[in-house]
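K.L.:
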Amino acid sequence: MQKTVAVLGGGIGGLSACYYLSKSPQVSKVVLLEGSGRCGGWLSSTRREDGAVFEHGPRGVRPAGAVGKNTLNMVSELGLEPEVLPVTYDHVASKNRFLYVGGQLHKMPSSLGGVIRTVPPFSQPILQSVLKEVLIRRGEEEDESVHAFVSRRLGSELADIAIDSLCRGVFAGDCRALSVRSCFPPLYKAEKDRGSIVLGMLFGSGSGPKVAPCDLATRSLKESWAQWSLRKGMQMFPEALEDALRRKDSVEVHKHAPVNTLNATGCGWEIKLEDGCTVMADHVISALPAKSLASVLPPAAHPLSQQLRDISTVTVAVVNLEYEGSILPVTGFGHLVPSSEDSGLLGVVYDSIPFPEHNRSGAPSTRLTVMMGGAWFQEAFGDPDGVSQQRLLDRATQAVASHLGVTATPVWSLVALLKDCIPQYHLGHWKRLETMRGYISDHSLPLTLAGASYDGVAVNDVIFSGRTAAEGLVGVV
Ligand SMILES: Cc1cc2nc3c(=O)[nH]c(=O)nc-3n(C[C@H](O)[C@H](O)[C@H](O)COP(=O)(O)OP(=O)(O)OC[C@H]3O[C@@H](n4cnc5c(N)ncnc54)[C@H](O)[C@@H]3O)c2cc1C
Ligand SMILES: C=Cc1c2[nH]c(c1C)Cc1[nH]c(c(CCC(=O)O)c1C)Cc1[nH]c(c(C)c1CCC(=O)O)Cc1[nH]c(c(C)c1C=C)C2
Numbered sequence: 001m002q003k004t005v006a007v008l009g010g011g012i013g014g015l016s017a018c019y020y021l022s023k024s025p026q027v028s029k030v031v032l033l034e035g036s037g038r039c040g041g042w043l044s045s046t047r048r049e050d051g052a053v054f055e056h057g058p059r060g061v062r063p064a065g066a067v068g069k070n071t072l073n074m075v076s077e078l079g080l081e082p083e084v085l086p087v088t089y090d091h092v093a094s095k096n097r098f099l100y101v102g103g104q105l106h107k108m109p110s111s112l113g114g115v116i117r118t119v120p121p122f123s124q125p126i127l128q129s130v131l132k133e134v135l136i137r138r139g140e141e142e143d144e145s146v147h148a149f150v151s152r153r154l155g156s157e158l159a160d161i162a163i164d165s166l167c168r169g170v171f172a173g174d175c176r177a178l179s180v181r182s183c184f185p186p187l188y189k190a191e192k193d194r195g196s197i198v199l200g201m202l203f204g205s206g207s208g209p210k211v212a213p214c215d216l217a218t219r220s221l222k223e224s225w226a227q228w229s230l231r232k233g234m235q236m237f238p239e240a241l242e243d244a245l246r247r248k249d250s251v252e253v254h255k256h257a258p259v260n261t262l263n264a265t266g267c268g269w270e271i272k273l274e275d276g277c278t279v280m281a282d283h284v285i286s287a288l289p290a291k292s293l294a295s296v297l298p299p300a301a302h303p304l305s306q307q308l309r310d311i312s313t314v315t316v317a318v319v320n321l322e323y324e325g326s327i328l329p330v331t332g333f334g335h336l337v338p339s340s341e342d343s344g345l346l347g348v349v350y351d352s353i354p355f356p357e358h359n360r361s362g363a364p365s366t367r368l369t370v371m372m373g374g375a376w377f378q379e380a381f382g383d384p385d386g387v388s389q390q391r392l393l394d395r396a397t398q399a400v401a402s403h404l405g406v407t408a409t410p411v412w413s414l415v416a417l418l419k420d421c422i423p424q425y426h427l428g429h430w431k432r433l434e435t436m437r438g439y440i441s442d443h444s445l446p447l448t449l450a451g452a453s454y455d456g457v458a459v460n461d462v463i464f465s466g467r468t469a470a471e472g473l474v475g476v477v
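Counting along the sequence shown from 1, when you hit position 202 you're at 202 in UniProt numbering, and nothing is skipped either side.
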């Protein structure tokens with residue numbers, strides 16, 4: 001029987017689910033319902049007339065692994081290959097990442113020399129911790145915080161500085177609350193399967209999904225890409241996806257269509273939109289943030305809604321700055337700030353270094369992005385609704401002045417408050433997923449969960465979640 005599938009949320013997760021569904025003859029109709037006036041969700045770029053591009057959300061995607069290949073396959077199918085801007089592993093933006101500790105920038109080790117010597121801010125060679133790690137006994141816990149896991153296996157200094165910063169630079173989150181099992185599955189699996197992170201990395205652990213690479217993915221391997229972006233910014237990606245979907249007879253894309261309620265009809269769903277319109281569907285793929293889905297589910301699904309509400313999120317202030325000339329004292333991807341140094345200031349990306357193509361045409365300029373808040377937003381700035389743009393801008397320019405010695409006034413700036421933008425996979429997230437998916441299956445709800453709230457926040461993971469959701473319904477596409 002052919003089905004009508006409604007996909008809720010037109011972020012990269014929902015668009016991807018539609019894309020894969022539309023490849024299947026088993027689906028007669030796909031209806032995408034996006035609440036806002038734009039598809040793409042957090043993939044959002046400001047393009048100025050002089051050619052400058054500023055990212056508010058993701059600025060680079062990794063080509064590595066099956067999910068990285070999968071994304072590049074989609075990029076290629078969408079005809080975006082000529083627009084791809086690759087950054088190779090030997091580029092300075094791949095080799096140089098900094099930590100701001102004790103009022104100074106420290107380059108993170110990226111070569112053997114950097115791990116065999118004692119390199120500040122660390123008090124002993126990283127290699128020492130790595131060699132000892134092999135001898136540490138396997139943990140017994142079903143889950144553990146990222147901080148506890150790394151402290152146990154590699155020592156508290158690496159956990160307090162490097163891992164604390166890494167969790168801020170990926171989840172804008174607190175490594176003492178985040179789950180190692182859900183945030184860094186390869187680390188957790190390496191210990192479970194091989195008894196050690198190092199042995200897991202050396203000999204592999206478990207088997208992940210397999211994806212056949214297209215020419216573009218093969219090229220990314222041959223040319224050693226570390227990350228890539230698109231010529232007119234990451235927003236090109238959802239724009240191309242939306243265009244491709246609009247060209248298919250089987251797909252309807254509705255923007256300005258916020259979902260208000262979902263009512264189970266016995267053989268599907270009646271979906272009420274805020275404007276009073278109704279959409280009927282045999283199946284729903286939700287690519288909404290977990291809390292948004294919780295608020296539209298029927299009261300009878302209360303146990304599921306409660307679990308969804310318990311997946312918390314953090315708010316990040318993103319400040320894009322543009323300076324006259326080439327003003328950076330160092331070169332690289334950017335720097336992260338551990339929470340012990342300055343909890344409210346997460347890090348600074350040196351956007352002009354990996355992607356100079358996004359600089360304005362004409363006179364030289366430097367583009368930076370300062371990211372603030374995250375799990376520390378409330379303690380640093382108070383209620384997100386009460387903080388002024390000027391305060392965020394001042395805090396960002398002060399950080400650029402004290403961390404990088406850049407005291408010039410930016411020639412252009414943009415402050416964006418990204419409310420509830422990154423889900424936090426706290427301790428026990430895996431159990432919550434099991435409970436939620438168990439509830440859906442036990443109650444035979446025609447509902448699939450996709451998007452960043454569940455199985456990975458990276459663009460690649462979210463796209464793959466859209467594919468998995470579609471394939472769960474129609475088989476391999
Ligand atoms: C500042 C920042 C930097 C990032 N950097 C990177 C990076 O460098 N690399 C990387 O891989 N990833 C990065 N990410 C992560 C990645 O961008 C996100 O995890 C991903 O875009 C989430 O996609 P999504 O489709 O799951 O959700 P969203 O983008 O949140 O999309 C959900 C959609 O649902 C819609 N919606 C909400 N409620 C309703 C409703 N009731 N009815 C209808 N529609 C509704 C929203 O309008 C939205 O369009 C970053 C994220 C942020 C915030
Ligand atoms: C300072 C805050 C943030 C910076 N980027 C993000 C935040 C919250 C969000 C983010 N960054 C990455 C991802 C995807 C993860 C993935 O698995 O691909 C997300 C959601 C990529 C990333 N950024 C950094 C690392 C180590 C990674 C992981 C992948 C990789 O190694 O490339 C470090 C980093 N992020 C930021 C800065 C300033 C920084 C380091 C210098 C900004």
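Using N, Cα and C, we set each Cβ at its ideal position, and we do this for glycine too.
Fair warning: this is a prediction, and the values are worked out from it, not measured in the lab.
Give me whichever residues DSSP pairs with GLN227 in a beta bridge.
P.N.:
VAL87
K.L.:
In this structure, does DSSP put PHE149 in helix, strand or coil?
P.N.:
helix
K.L.:
The beta strand (DSSP E) with LYS23 in it runs from where to where?
P.N.:
Here LYS23 belongs to no beta strand (DSSP E), and DSSP marks it neither H nor E.
K.L.:
By the three-class DSSP mapping on this structure, what secondary structure does GLN306 have?
P.N.:
helix
K.L.:
Please go through the same chain and pick out, in chain order, the residues whose beta-carbon is closer than 7 Å to the beta-carbon of GLY405, but skip the five residues on each side of it.
P.N.:
In its chain, beyond the 5 residues on either side, PRO329 have a beta carbon closer than 7 Å to the beta carbon of GLY405.
K.L.:
Tell me, which residues are paired with GLN124 by DSSP?
P.N.:
Answer is none; GLN124 lacks a bridge partner.
K.L.:
CB GLU239 to CB LEU32, shorter than 8 Å?
P.N.:
no
K.L.:
Does any residue of chain E bring its CB to less than 8 Å from the CB of LEU187?
P.N.:
Of the protein chains in this structure there is only one, and it is not chain E.
K.L.:
Over what stretch of residues does the alpha helix (DSSP H) that includes SER292 continue unbroken?
P.N.:
290-296
K.L.:
CB residue 538 to CB GLU471, shorter than 8 Å?
P.N.:
Outside the shown range of the chain, which is 1 to 477, sits residue 538, and nothing can be said about it.
K.L.:
Identify, in the order they occur along the chain, each residue of the same chain with its Cβ nearer than 6 Å to the Cβ of LYS189, setting aside the five sequence neighbours on each side.
P.N.:
SER205, GLY206
K.L.:
Keeping to the same chain, check which residues put their C-beta closer than 7 Å to that of GLN2; ignore five residues upstream and five downstream.
P.N.:
The answer, listed in chain order, is GLN26, VAL27, SER28.
K.L.:
What is the rounded straight-line gap between the Cα of TYR100 and the Cα of HIS106?
P.N.:
Using only the alpha carbons, I get a separation of about 6 Å.
K.L.:
Determine the burial state of THR313: buried for a count of at least 16 other Cβ atoms within 10 Å of its Cβ, exposed for fewer.
P.N.:
buried
K.L.:
Who pairs with ILE422 in a beta bridge, going by DSSP?
P.N.:
VAL314
K.L.:
Mind checking whether the beta-carbon of ARG59 lies closer than 7 Å to any heavy atom of ligand 1?
P.N.:
yes
K.L.:
Can you name the start and end residues of the beta strand (DSSP E) that TRP269 belongs to?
P.N.:
For TRP269, the enclosing beta strand (DSSP E) starts and ends at 269-273.
K.L.:
Name the DSSP bridge partner or partners of MET74?
P.N.:
Paired residue(s): none; MET74 is not in a bridge.
K.L.:
Taking all protein chains shown into account, do 16 or more other C-beta atoms lie within 10 angstroms of the C-beta of PRO303, making it buried, or fewer, making it exposed?
P.N.:
exposed
K.L.:
Can the beta-carbon of LEU427 be found closer than 8 Å to that of SER145?
P.N.:
yes
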